[in-house]
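Notes to accompany the following structure.
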Amino acid sequence: MNPDSPAIRIIPPTARQVLSENAGVSFDEEGDSETQDKDGLVMRCWGIDRRAPSAGVPRLQLWCVIVLAILVSGCQSPNARTNRAPLAAELQERTCHDLPAESSPCESILPPDVDLLDGLSEEEAIATALWNNAQFHSTLSQLGMAWGDIVQSGLLTNPQFQYYFGGGSKQIEYTLYLPVEALVLRKQRITITEREYCRVSQELVQNGLNLVRDVRVAYADFVFAVERASLAEEALQVRSNIADLSEKQFEAGDIGELESMTARIEALRAESDAAGLREQVVIARELVANLMGIGTMNLEFLPSDQHQAVTSEFDPDVLLADALISRPDLRAAQYAIAAADHRGRLAHWLWLRFDGIVDGNAGGSGATNIGPGIRFDIPIFDRNEGGIIRADWTTDQALHNFDAVRDSVVMEVRTAAAQLRQADASLSILQEDVLPPLREAIHLSEQAYRDGGISFLLTLQSTTQFLDARARELELSAARHRALAELERSVGRRLVTPQDSVDPVESSPLLLDEEIPVQELE
């Protein structure tokens, strides 16, 4: 090609196909395009008109076709579905329960393995809550929002096309502006949104752990309410029997009216307590149903699990080290630091604006021509100083927030471990040292009262002590299970594998393969 001749553009294959189909343009072997006007004159579409002064008209047609092709290619609707698989997999490893592939508002679905007819187990309550809890699923929508931010950050800024109509001797003028800085800053923007996506994912995992903890605590309260109501029915039966026996002894003249009346009053008090505790069962069941997301189903169910003995022989230092590695909210704080750090880097370049320009004119009395150019901002007055300062302090805030979350993790693990040891020790003393002699004492006192050897007050005292000790046993058992649920939530995973789960309990990896040490970020 002669270096003095005008430049000839090479049309990309996709654009060639569009032009061939829509504008009747044919291409020679060298890649140059040719077309014929109505007079049969051969035109070069990408160079200066060499053979006819009317070449501006087909050039305008080609530009219109190109712009139309670009607009049509951008009309594809984005995919609004979000992949929950990584989030569900991490929750599965931490809680031994999975999430549904998707959830719909205004509907409650029982997981396939849940059957309320045979009673509700703790694991069934957890599985149902993860499938139906509306508040938890509303937070899962944040995952889709974060994914939308990733998609948006990868999009390039739309080019601008400026067109001036011609008339008479005035030429047609057109200018195309292509933002170049969008290409330069695109990778940094994507990195920021990816870190934010990971932060949101880890926060959602933590929300799932919080929900599991809440369900387990509510289930422990539900079991406690049912067992406490059952104990109240036993107490009512015992005191009713004592009241009947006292009535017979009063009629026989063995005891006075005051003792008989006291026995009857104690029986009525036991009946009142039993009625109140029966309603407490309803309240506890409604709380569990609300956390499970099935409150609108009006289902009646009872717990099928009783409080079983669990080990409290956990090393707090080992659990703390595990929590500092695997706690999702601590990882989320790390990702927040990473995102803030990248925002700080991006802030130094947000003033940048650099456009590539393609300018041309055609028709009228002048010659048809086209040429490149550039347009950029001169950073004299504004270099985003305020944005840089804000970004630096945002990073500082993220670092302090990480420290706060870390301190909270340390406190929660140690506190929950201490509460578990306390409840376990108190329960062991009660079951081994207190309840056996009380059982023996109440048996002896009831036998002696029937034989008339002791007064009713001693029998009442022995019965009251035994029932109070039984109630305390139930309370400590529930407290132990609450403490275990809180400890597992504090560590970030299950420490005791559920009986109806076959999945191993392990620390789960990060959602991304890349580790982000906080020391490096600082």
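Numbering (my numbering), first residue to last: 214 to 735. Glycine included, every Cβ here is placed at the ideal spot set by N, Cα and C.
Integer Cβ distance of residue i from residue j, believed to fall under 8 Å
i: Ser473; j: Ser485; result: In fact, because the Cβ distance is near 19 Å, the residues do not count as touching under 8 Å.
i: Thr571; j: Ile583; result: Inspection of the sequence shows that residue 571 is occupied by Val rather than by Thr. Confirmed, Cβ separation roughly 7 Å.
i: Leu700; j: Leu689; result: Wrong, their Cβ atoms sit about 16 Å apart, outside the cutoff.
i: Arg693; j: Arg307; result: Not confirmed; about 22 Å, so no contact.
Chain-order list of residues whose beta-carbon lies under 6 Å from that of residue i (same chain, five-residue window excluded)
i: Arg695; result: Val430 and Ala433
i: Asp713; result: Because Asp713 carries a pLDDT of 43, less than 50, the predicted location of this residue cannot be relied on, and the following value inherits that uncertainty. Answer for Asp713: Glu336, listed in chain order.
i: Ala448; result: Ala483 and Leu680
i: Gly508; result: Ala502
i: Arg702; result: Leu422 and Arg426
i: Asp311; result: Ala301 and Gln305
i: Ala199; result: In the structure as shown, the chain begins at 214 and stops at 735. Residue 199 is therefore absent and cannot be evaluated.
i: Leu369; result: Ala395
i: Tyr377; result: Glu386
Residue i and residue j closer than 7 Å at C-beta
i: Phe208; j: Leu396; result: In the structure displayed, the chain extends from 214 to 735; residue 208 sits before or after that span and is not available.
i: Phe679; j: Leu651; result: yes
i: Ser334; j: Ser621; result: no
i: Ala487; j: Ala445; result: yes
i: Leu532; j: Val428; result: no
i: Ala298; j: Glu416; result: no
i: Gly569; j: Ala604; result: no
i: Val494; j: Ala560; result: no
i: Ser321; j: His350; result: no
i: Pro324; j: Ala340; result: yes
i: Ala359; j: Tyr410; result: yes
i: Ala691; j: Phe437; result: yes
i: Leu490; j: Leu329; result: no
i: Leu643; j: Glu686; result: yes
i: Gly357; j: Gly576; result: no
i: Trp562; j: Arg596; result: no
i: Phe589; j: Phe567; result: yes
i: Ala480; j: Ala465; result: no
i: Leu391; j: Pro372; result: yes
Buried/exposed call for residue i, threshold 16 Cβ in 10 Å
i: Thr608; result: buried
i: Ile655; result: buried
i: Phe514; result: buried
i: Gln547; result: buried
i: Leu186; result: Residue 186 lies beyond the range of the chain shown here (214 to 735); nothing can be said about it.
i: Thr710; result: exposed
i: Leu424; result: buried
i: Trp606; result: exposed
i: Pro541; result: buried
i: Gln660; result: exposed
i: Gly506; result: buried
i: Glu653; result: exposed
i: Ala476; result: buried
i: His555; result: buried
i: Glu645; result: exposed
Identity of the residue in the options nearest residue i by Cα
i: Glu364; options: Ile403, Leu687 and Leu700; result: Correcting the residue type first, residue 364 is Val in the shown sequence and not Glu. Checking every option, the nearest Cα to that of Val364 belongs to Ile403.
i: Ala629; options: Ile601, Pro529, Ala545 and Ala691; result: Pro529
i: Val451; options: Thr676, His555, Ser317 and Asp681; result: Thr676
i: Val418; options: Ser578, Ser539 and Glu315; result: Ser539
i: Ala682; options: Leu648, Pro711, Ser703 and Ser658; result: Leu648
i: Phe435; options: Leu500, Asn454 and Phe378; result: Leu500
i: Asn768; options: Ala438, Asp595 and Lys383; result: Residue 768 falls outside the range modelled here, since the chain spans only 214 to 735, and no answer is possible.
i: Asn346; options: Val327, Cys319, Ala438 and Phe437; result: Cys319
i: Val439; options: Gln644, Glu492, Ala553 and Ser366; result: Glu492
i: Leu353; options: Ala661, Gly361 and Ser414; result: Ser414
i: Ile478; options: Asn454, Gly466 and Glu464; result: Asn454
i: Ala553; options: Gly361, Lys400, Gln348 and Thr406; result: Thr406
i: Lys400; options: Ser366, Ala314 and Leu424; result: Ser366
i: Gly579; options: Pro541, Gln348 and Gly381; result: Gly381
i: Ala314; options: Pro585, Glu303 and Asn296; result: Asn296
i: Leu631; options: Lys461, Glu645, Phe463 and Phe527; result: Going by the sequence as given, residue 631 is Ala instead of Leu. The residue with the shortest Cα to Cα distance from Ala631 is Phe527.
i: Asn420; options: Glu470, Gln355, Leu471 and Phe463; result: Gln355
i: Leu657; options: Cys309, Glu645 and Gln674; result: Gln674
Cβ neighbours of residue i in the same chain (closer than 8 Å, five flanking residues each side left out)
i: Leu543; result: Ala536, Leu537, Phe615, Val618, Arg619 and Val622
i: Pro585; result: Gly569, Ile570, Val571 and Asp572
Cut-off 7 Å between Cβ atoms - residues of its own chain near residue i, not counting five sequence neighbours on either side
i: Val704; result: Leu532, Asp535, Ala536 and Val626
i: Met510; result: Ser321
i: Val327; result: Glu337, Ala340 and Thr341
i: Ile602; result: none
i: Gly332; result: Phe514, Leu515, Pro516 and Ser517
i: Pro592; result: Trp564
i: Phe463; result: Glu470 and Ser473
i: Val393; result: Phe567, Asp568 and Gly569
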